[in-house]
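Engineer: The structure's right below; bear with me while I get my questions together.
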Amino acid sequence: MKIHSALSHHLAWVLLALLTVTAYAKDEPAPVSAKLANVRILATGGTIAGTGATSTTTVGYTAAKVGVEQLIEAVPALKQVANVTGEQVFQIASENMTDEYWLKLAKRVNTLLAQDDVDGIVITHGTDTLEETAYFLNLVVKSHKPVVLVGAMRPSTAMSADGPFNIYNSVVLAASPDSANKGVLVCLNDQINAARDVTKTNTTSLDTFRAPELGFLGYMQSNKPHFYRLPARKHTVDTEFDVSKLEALPKVDIVYGYANVTRTPVDALVAAGAKGIIHAGVGDGSIHNAVKPALIEARQKGVIVVRGSRVGNGIVARNGEANDDELDFVVSDTLNPQKARILLMLALTKTNQTSEIQRMFYTY
Ligand code: DGL
Numbered sequence: 004m005k006i007h008s009a010l011s012h013h014l015a016w017v018l019l020a021l022l023t024v025t026a027y028a029k030d031e032p033a034p035v036s037a038k039l040a041n042v043r044i045l046a047t048g049g050t051i052a053g054t055g056a057t058s059t060t061t062v063g064y065t066a067a068k069v070g071v072e073q074l075i076e077a078v079p080a081l082k083q084v085a086n087v088t089g090e091q092v093f094q095i096a097s098e099n100m101t102d103e104y105w106l107k108l109a110k111r112v113n114t115l116l117a118q119d120d121v122d123g124i125v126i127t128h129g130t131d132t133l134e135e136t137a138y139f140l141n142l143v144v145k146s147h148k149p150v151v152l153v154g155a156m157r158p159s160t161a162m163s164a165d166g167p168f169n170i171y172n173s174v175v176l177a178a179s180p181d182s183a184n185k186g187v188l189v190c191l192n193d194q195i196n197a198a199r200d201v202t203k204t205n206t207t208s209l210d211t212f213r214a215p216e217l218g219f220l221g222y223m224q225s226n227k228p229h230f231y232r233l234p235a236r237k238h239t240v241d242t243e244f245d246v247s248k249l250e251a252l253p254k255v256d257i258v259y260g261y262a263n264v265t266r267t268p269v270d271a272l273v274a275a276g277a278k279g280i281i282h283a284g285v286g287d288g289s290i291h292n293a294v295k296p297a298l299i300e301a302r303q304k305g306v307i308v309v310r311g312s313r314v315g316n317g318i319v320a321r322n323g324e325a326n327d328d329e330l331d332f333v334v335s336d337t338l339n340p341q342k343a344r345i346l347l348m349l350a351l352t353k354t355n356q357t358s359e360i361q362r363m364f365y366t367y
C-alpha cells in the first residue's frame, strides 16, 4: 500500500510539473535563438486580418479586425524559423490606403532596418492596394535587407484560410539571406513576385498576384525560397528618392481612356490642384481627340502628363501614338497606371523637368 501511495504522490508532482511547463510555454514568448534571424512583422490590416460570419464566408467578410499578435499566434511554426516580433502600424482595409499611411509605414520600415537587431521585415497588408504599397516601398526603403509584403484572399476565419501559410512563407523569405538586395518582395500562394512588376489579376482567387508577362522571381518550397531571376530596374538603396523628411506627397491622379470619353475628368483634376496626371490610354497609350486638348492645356499650366496604358502589359512607346517630344509628355514604359502614379509622385519631390522624369521612368 505504501509503495502505491508514494508512486501516486510522485506522479502527481510530475503532472504538476508538466502542466506548469506547458502553461509557461503557452503564455511566454519563445526564447530568442541566436542562430535564427530577427524578423519584425508590421501589420496594416486587410483580409489576412479579416473575419467572416462562418468558416465558408470568403466574400462579404470584414477586413482589418484581427491584431498582429493573433496573426502570429495562429502560426506556431514561426518559432522554428525566426525570432518574430509584431507591431500594429495601422489597421485598415487597404482600399482606404493614403499617402499619410505610406509615409508612416516607410519611415517605420527604414527606422527598423537601420537597427542591427532587425534582419528582415514582413508587412501584412490588404491585397487591393498591396502592389502599390510594395512599389512605393521599393522606391523609398533604404536598406539591402529583405522587405516582404503578404496578404490573403480568404479571411482568417475561413476554412483553409491562406493567411497563416502565407505569413509562414513570408517570414521564411524575410529571414533568408538569399532575399537580400532583391528589392521589395511580394509573397502569397508559394510564389515570389517583384514589387515593380506584380499586380492583382483576379478579384477573388488565391493565385491572384502575378507579373503576367515578366513572371515570378521564384517560388517558396520546402521552407526556403528558390529564385530564378532578379529585378532589372533600380530599387531600394539605389534609388534617388528619400521620404524621411516628407510629411506629404504631390497630388497625382489617373484618368481612364475609353470609347466616347470626354475631357471632363482631366479638367476637374487640374482644377482640384493635380500636379501630375497619368492618362491610362487605350492600346499603346492612345488619347481620344476629345481629351488631348485638355491634356495639352494641363501641360501648359505646368501639370506633368504621363501617357500610360490601360492594357496592363507592354511598353508605351515614346512618340508612338502621340508626339511626346512636341507635347512635352512623359511615357510610362511598362508601369501600370497605379504604379506610374507612384513613380510620378516621387519624381515630383525631386524635379518638374520632363526630361529628368522620363529618365526616372526608364530607370525604376
Ligand atoms: N478590403 C480588401 C483589402 O483590404 C480586401 C482584400 C484583401 O485584403 O484580400 O485590400
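Basically this note's numbering = 1-based index in the sequence shown + 3.
All residues carry an ideal CB built from backbone N, CA and C; glycine is no exception.
Is any heavy atom of the ligand DGL found at a distance shorter than 7 Å from the C-beta of residue 96?
Structural biologist: Here residue 96 refers to the residue found at position 93 of the sequence shown. Under cutoff, so the answer is yes.
Engineer: Look at the Cβ atom of residue 282, then the Cβ atom of residue 272, and state whether they are nearer than 8 Å.
Structural biologist: Reading the sequence shown from its first residue, position 279 is the one you call residue 282. Reading the sequence shown from its first residue, position 269 is the one you call residue 272. No, the pair does not count as a contact, with Cβ atoms beyond the cut-off.
Engineer: Counting only the same chain and skipping the five closest in sequence on each side, list residues whose C-beta sits under 6 Å from that of residue 167.
Structural biologist: Your numbering for residue 167 matches position 164 in the sequence shown. 77, 78.
Engineer: Quick check on DSSP: helix, strand or coil for residue 223?
Structural biologist: Taking the first residue of the sequence shown as 1, we reach residue 223 at position 220. Residue 223: strand per DSSP, three-state reduction.
Engineer: Who does residue 228 pair with in a DSSP beta bridge?
Structural biologist: Locating residue 228 in the sequence shown gives position 225, counting from the first residue. 223.
Engineer: Considering just the uninterrupted stretch of the beta strand (DSSP E) at residue 90, what are its terminal residues?
Structural biologist: To locate residue 90, count along the sequence shown from 1; it is residue 87. Here the beta strand (DSSP E) through residue 90 covers 86 to 95.
Engineer: For residue 128, count neighbouring Cβ atoms within 10 angstroms of its own Cβ and tell me buried if that reaches 16, exposed if not.
Structural biologist: Numbered from its first residue, the sequence shown carries residue 128 at position 125. The residue is buried, with at least 16 neighbouring Cβ atoms inside 10 Å.
Engineer: Is there contact here, the stretch 207 to 226 with the stretch 183 to 199, by at least three beta-carbon pairs under 8 Å?
Structural biologist: The stretch 207 to 226, when compared against the stretch 183 to 199, does touch it at the 8 Å Cβ threshold.
Engineer: Using DSSP with H/G/I as helix, E/B as strand and the rest coil, what is residue 47?
Structural biologist: Translated into positions along the sequence shown, residue 47 becomes position 44. DSSP places residue 47 in strand when its eight states are reduced to three.
Engineer: Would you mind sorting residue 318 into buried or exposed? The rule is 16 or more other CB atoms within 10 Å of its CB.
Structural biologist: As a position in the sequence shown, residue 318 is number 315, starting the count at 1. Result: exposed.
Engineer: Report yes if the CB atom of residue 88 is closer than 8 Å to the CB atom of residue 203, and no otherwise.
Structural biologist: Position 85 of the sequence shown, counted from the start, is the residue given in the question as residue 88. Position 200 of the sequence shown, counted from the start, is the residue given in the question as residue 203. Contact flag unset, no.
Engineer: With a threshold of 16 other CB atoms inside 10 Å of the CB of residue 335, please say whether the residue is buried or exposed.
Structural biologist: Locating residue 335 in the sequence shown gives position 332, where the first residue counts as 1. Looking at its Cβ environment, which holds 16 or more other Cβ atoms inside 10 Å, residue 335 is buried.
Engineer: Are there three or more Cβ pairs, one per stretch, closer than 8 Å when the stretch 165 to 184 is compared with the stretch 97 to 115?
Structural biologist: In short, these stretches do not touch, since the Cβ pair count stays below three.
Engineer: Between residue 185 and residue 263, what straight-line distance do the alpha-carbon atoms span, to the nearest angstrom?
Structural biologist: For the purposes of this step, residue 185 is identified with residue 182 of the sequence shown, where counting begins at 1. For the purposes of this step, residue 263 is identified with residue 260 of the sequence shown, where counting begins at 1. Roughly 43 Å between the two C-alpha positions.
Engineer: According to DSSP, is residue 29 helix, strand or coil?
Structural biologist: Taking the first residue of the sequence shown as position 1, residue 29 is located at position 26. In this predicted model, residue 29 has a pLDDT of only 46, less than 50, meaning its place in the structure is not dependable; the value taken from the coordinates is given anyway. Helix, per DSSP.
Engineer: Can you round the beta-carbon distance between residue 367 and residue 236 to whole angstroms, since I take them to be within the 8 Å contact cut?
Structural biologist: Counting from 1 along the sequence shown, the entry for residue 367 is found at position 364. Counting from 1 along the sequence shown, the entry for residue 236 is found at position 233. 5 Å between Cβ atoms; contact.
Engineer: Is the beta carbon of residue 332 closer than 8 Å to that of residue 308?
Structural biologist: Indexing the sequence shown from 1 puts residue 308 at position 305. Indexing the sequence shown from 1 puts residue 332 at position 329. A contact, by the Cβ cut-off of 8 Å.
Engineer: Please classify residue 37: is it buried, with 16 or more other beta-carbons within 10 angstroms of its beta-carbon, or exposed?
Structural biologist: Taking the first residue of the sequence shown as 1, we reach residue 37 at position 34. Its Cβ having fewer than 16 others within 10 Å, residue 37 is exposed.
Engineer: For residue 207, which option in 265, 62, 289 has the closest C-alpha, if you only look at C-alpha atoms?
Structural biologist: Taking the first residue of the sequence shown as 1, we reach residue 207 at position 204. For residue 207, the nearest C-alpha among the options comes from 62.
Engineer: Straight-line CA distance for residue 160 to residue 71?
Structural biologist: Reading the sequence shown from its first residue, position 157 is the one you call residue 160. Reading the sequence shown from its first residue, position 68 is the one you call residue 71. Rounded to the nearest angstrom, the two C-alpha atoms are 15 Å apart.
Engineer: So residue 283 is in the beta strand (DSSP E); what residue range does that whole segment cover?
Structural biologist: What you label residue 283 is simply residue 280 of the sequence shown in a count that begins at 1. Residue 283 -> beta strand (DSSP E) spans 279 to 284.
Engineer: Tell me the DSSP secondary structure of residue 139 in three-state form.
Structural biologist: Translated into positions along the sequence shown, residue 139 becomes position 136. DSSP places residue 139 in helix when its eight states are reduced to three.
Engineer: Provide the residue span of the beta strand (DSSP E) that contains residue 151, from first to last.
Structural biologist: The sequence position of residue 151 within the sequence shown is 148, counting from 1. Where residue 151 is concerned, the enclosing beta strand (DSSP E) stretches over 150 to 153.
Engineer: Please work out which residues of its chain come closer than 6 Å, Cβ to Cβ, to residue 3, disregarding the five sequence neighbours upstream and downstream, and give them in chain order.
Structural biologist: One cannot answer for residue 3 here, as it falls past the ends of the chain, which runs 4 to 367.
Engineer: Here's the rule: buried if 16 or more other CB atoms are within 10 angstroms of the residue's CB, otherwise exposed. What is residue 358?
Structural biologist: Looking up residue 358 in the sequence shown gives position 355. Residue 358 is exposed by the Cβ-count criterion.
Engineer: Applying the criterion that 16 or more other CB atoms from any shown protein chain within 10 Å of the CB defines a buried residue, is residue 26 buried or exposed?
Structural biologist: Taking the sequence shown and counting its residues from 1, the one referred to as residue 26 is at position 23. Summary for residue 26: the model assigns pLDDT 41, below 50, so the residue's position carries little reliability; its value from the coordinates is reported in the next sentence. So residue 26 ends up on the exposed side.
Engineer: State yes or no: is the C-beta of residue 66 nearer than 7 Å to some heavy atom of the ligand DGL?
Structural biologist: Position 63 of the sequence shown, counted from the start, is the residue given in the question as residue 66. Yes.
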